[in-house]
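Student: Residue numbers (full-length UniProt numbering): 1 to 572.
1. Kindly give me the distance between the Cβ atoms of residue 554 and residue 431, rounded to whole angstroms, as I take these residues to be in contact under 8 angstroms.
2. In terms of residue numbering, what span does the beta strand (DSSP E) encompassing residue 361 cover?
3. Look at the Cβ atom of residue 375, then the Cβ atom of residue 360, and state whether they are nearer than 8 angstroms.
4. I believe residue 323 touches residue 380 by the beta-carbon criterion, under 8 angstroms. Please report the beta-carbon distance rounded to the nearest angstrom.
5. When DSSP labels each residue in this structure, what does residue 64 get in the three-state scheme?
6. DSSP state of residue 264, grouped into three classes?
7. Is the beta carbon of residue 161 less than 8 angstroms from the beta carbon of residue 105?
8. How is the beta strand (DSSP E) around residue 300 delimited, first residue to last?
9. Per DSSP, what kind of secondary structure is residue 370 in: helix, strand or coil?
10. Please classify residue 463 as buried or exposed, where buried requires at least 16 other C-beta atoms within 10 Å of its C-beta.
11. Under the three-state reduction of DSSP, which class applies to residue 488: helix, strand or coil?
12. Output yes or no for whether 8 angstroms exceeds the beta carbon distance between residue 425 and residue 552.
13. I need the straight-line Cα distance from residue 69 to residue 28, nearest angstrom please.
14. Express the C-alpha separation of residue 135 and residue 389 in angstroms, rounding to a whole number.
15. Measure the alpha-carbon distance for residue 275 versus residue 11 and round it to whole angstroms.
16. Between which residues of its own chain and residue 404 is the CB-CB distance below 8 angstroms, once the five residues before and five after are set aside?
17. Span of the alpha helix (DSSP H) holding residue 323?
18. Could you tell me the distance, in whole angstroms, from the CA atom of residue 486 to the CA atom of residue 312?
19. Name the one or two DSSP bridge partners that residue 24 has.
20. Taking the C-alpha atoms as reference points, what is the distance between residue 368 and residue 303?
21. When we look at the beta-carbon of residue 495 and count the other beta-carbons within 10 Å, is it buried (16 or more) or exposed?
22. Using only alpha-carbon positions, find the residue among 526, 385, 395 that is nearest to residue 371.
23. Whole-angstrom Cβ separation of residue 420 and residue 321, contact assumed at under 8 angstroms?
24. Entirely within the segment 424–507 and at least 3 residues each: give me those beta strand (DSSP E) ranges in chain order.
25. At the level of alpha carbons, what is the spacing between residue 481 and residue 512?
26. From 32, 14, 16, 18, pick the residue whose C-alpha is nearest to that of residue 5; which is it?
27. Confirm, please, whether the CB-CB distance from residue 433 to residue 541 is below 8 angstroms.
28. In angstroms with no decimal places, state the Cα-to-Cα distance between residue 490 and residue 51.
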């Protein structure tokens, strides 16, 4: 009896165990296998050695052949495909966004797969619709879907698929138009081209010295005092030099002579089509010089193959180009693809060829836009140029590009209020702080605590600083005295802390919560950070409160200071 279909070994990388058993069920139905013993035997014979070994472990002490088929299936499902958490599955569903280069149909299929264990039941279509709108990762499709007053899942799917197809067709048509816009040569015998009547008239009506029309007289011509790069004679540019020879020789010389007197050269870059080369795709990379202040370039940042790259927007460039340094530094050797040979040729304004490393079709992302475009890599470290080929398919946020970034002149502000920014310790004027004392508290004089040897020198320096700045003063007697604890700050200096909780009451102040602060900052445009150096030491204590904050140290102040001063005078 012939059998229909085949069932191979179970492979975890090809699907789940549940899907494997589902396929096996279809195999049983196709071959009219209903006996449980035969089903078990077929399963054990085709499942593979590793799966059979796992079944043997799960059925111990029994052998797999002694266990019912349905029980074997259930043991494997519980082990291989445990029931997932609905909350976790819904989190995965709501977090699933369309990936770059992922088609709409593939994205919807993945959403359906993730939704299997979400138990959406009757609201499945609504959840799929909402996820398409939120995760489609295309602002144009998203705006179109949001504009629909009564949007269903089927309608959202049809609109998204139709717009994706329209984008693909439009891109294909645009590519065909670009190819048709290339300069088509008219081939004649010997590969030469006949000049048109307009070209003939323009050639013979232009100035014989500078090559610009109409003809100029004497000093009116800018080439009157210039030397020719070809023959070395004064009075004409190389473009009209009669000693140049053939047309083929003329293409090798430069016609940038007009710019040679520029002293303040600020460079701009432009890629344009070249008409003199007999090749399929030839472009020219021109460089100009100007005698005015260099304006800042228009810059934008694009995600190219998963990496952020800064580009200079250049509407004069026919193609987009990055330098080899960027290509090597942004992508590791493992992630960097092999460049394809490029048929595009780039020339400078002086007709020198630019060394092209290669080209590669990359994925570019910009503000919910994902496109596949051609990127040219050139040797050297020139600016990365975003040309017209990318500008045709990527809609830039021009408001962000044109935004003028103003740098705050902090130095002038500090000069106007230099006393506030002086390094010396400040003092809050007109305010004295009174400490509220517990009426039942009795004076306590606590001895000084030992200080680690590693901190003694820094502690003495901090006490000397406090004494020099009139923050503390030595006393010989006091009813109150609190020990100090030296705390090392982030910059390595010492903060002197005293324990005053035995006498003073806590001063309560309603510190606002984070939510309240954010509510106050809402709609704010300018924010400042105020950091007062030694803020607590800028407050002046009242006379009656000063004794309460007396600290007891091992330094030579108070009685110790008096004894050491007398001993010093005796020794001198």
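C-beta atoms are modelled at their ideal positions from N, C-alpha and C, and glycine is treated no differently.
Tutor: Based on what the coordinates show:
1. As a working note, residue 554 is residue 554 in the chain shown. As a working note, residue 431 is residue 431 in the chain shown. Not confirmed; about 33 angstroms, so no contact.
2. For the purposes of this step, residue 361 is taken as residue 361 along the chain shown, with counting starting at 1. Run containing residue 361: 356–366, per the beta strand (DSSP E) assignment.
3. For this step, residue 375 is matched to residue 375 along the chain shown. For this step, residue 360 is matched to residue 360 along the chain shown. Result yes, Cβ atoms of residue 375 and residue 360 sit closer than 8 angstroms.
4. If you number the chain shown from 1, residue 323 lands on position 323. If you number the chain shown from 1, residue 380 lands on position 380. Indeed they touch by this definition, with Cβ atoms about 5 angstroms apart.
5. Position 64 of the chain shown, counted from the start, is the residue given in the question as residue 64. Residue 64 falls in the helix class under three-state DSSP.
6. As a first step, residue 264 must be located in the chain shown, where it is residue number 264. With a pLDDT of 40 at residue 264, under the threshold of 50, the modelled position of this residue cannot be trusted; read the value that follows with caution. Correct three-state label for residue 264: coil.
7. Numbered from 1 along the chain shown, position 161 holds the residue referred to as residue 161. Numbered from 1 along the chain shown, position 105 holds the residue referred to as residue 105. Yes, these two residues count as a Cβ contact at 8 angstroms.
8. Taking the first residue of the chain shown as 1, we reach residue 300 at position 300. That run of the beta strand (DSSP E) goes 299–304.
9. Residue mapping note: residue 370 aligns to position 370 of the chain shown, counting from 1. Three-state result, residue 370: strand.
10. Counting from 1 along the chain shown, the entry for residue 463 is found at position 463. By the neighbour-count rule (16 or more Cβ atoms within 10 Å), residue 463 is buried.
11. Against the chain shown, residue 488 aligns to sequence position 488. Three-state result, residue 488: strand.
12. The residue labelled residue 425 in the question sits at position 425 within the chain shown. The residue labelled residue 552 in the question sits at position 552 within the chain shown. Cβ distance not < 8 angstroms, so residue 425 and residue 552 don't count as in contact.
13. In the chain shown, the residue the question calls residue 69 occupies position 69. In the chain shown, the residue the question calls residue 28 occupies position 28. Taking the straight line from one Cα to the other gives about 13 angstroms.
14. Here the question's residue 389 lines up with position 389 in the chain shown. Here the question's residue 135 lines up with position 135 in the chain shown. Distance between the alpha carbons of residue 389 and residue 135 is about 27 angstroms.
15. On the chain shown, position 275 is the one that residue 275 refers to. On the chain shown, position 11 is the one that residue 11 refers to. The pLDDT assigned to residue 275 is 43, lower than 50, so where the model puts this residue is not dependable; a value taken from the coordinates is nonetheless given after this. Residue 275 and residue 11: Cα-Cα distance of roughly 59 angstroms.
16. Reading the chain shown from its first residue, position 404 is the one you call residue 404. A caution first: residue 404 carries a pLDDT of 46, below 50, which makes its placement in the model unreliable, though a value can still be read off. Within the same chain, residue 404 has no close Cβ partners at all.
17. Your numbering for residue 323 matches position 323 in the chain shown. Looking at the DSSP string, residue 323 is not in any alpha helix (DSSP H); the run it does join, the beta strand (DSSP E), is 321–323.
18. Residue mapping note: residue 486 aligns to position 486 of the chain shown, counting from 1. Residue mapping note: residue 312 aligns to position 312 of the chain shown, counting from 1. So the alpha carbons of these two residues sit roughly 55 angstroms apart.
19. Translated into positions along the chain shown, residue 24 becomes position 24. Beta-bridge pairing links residue 24 to no other residue.
20. As a working note, residue 368 is residue 368 in the chain shown. As a working note, residue 303 is residue 303 in the chain shown. Spanning the two alpha carbons is a distance of roughly 11 angstroms.
21. Translated into positions along the chain shown, residue 495 becomes position 495. Exposed.
22. On the chain shown, position 371 is the one that residue 371 refers to. The shortest Cα separation from residue 371 among 526, 385, 395 belongs to 395.
23. For the purposes of this step, residue 420 is taken as the residue at position 420 of the chain shown. For the purposes of this step, residue 321 is taken as the residue at position 321 of the chain shown. So it is not a contact: roughly 51 angstroms between Cβ atoms.
24. 482–488, 494–498
25. Taking the first residue of the chain shown as position 1, residue 481 is located at position 481. Taking the first residue of the chain shown as position 1, residue 512 is located at position 512. Each residue's Cα considered, the two are about 34 angstroms apart.
26. Sequence index remark: in the chain shown, residue 5 carries index 5 (1-based). If we check each option's Cα against that of residue 5, 32 comes out closest.
27. Locating residue 541 in the chain shown gives position 541, where the first residue counts as 1. Locating residue 433 in the chain shown gives position 433, where the first residue counts as 1. Yes.
28. Indexing the chain shown from 1 puts residue 490 at position 490. Indexing the chain shown from 1 puts residue 51 at position 51. Rounded to whole angstroms, residue 490 to residue 51 spans 59 angstroms at the Cα level.
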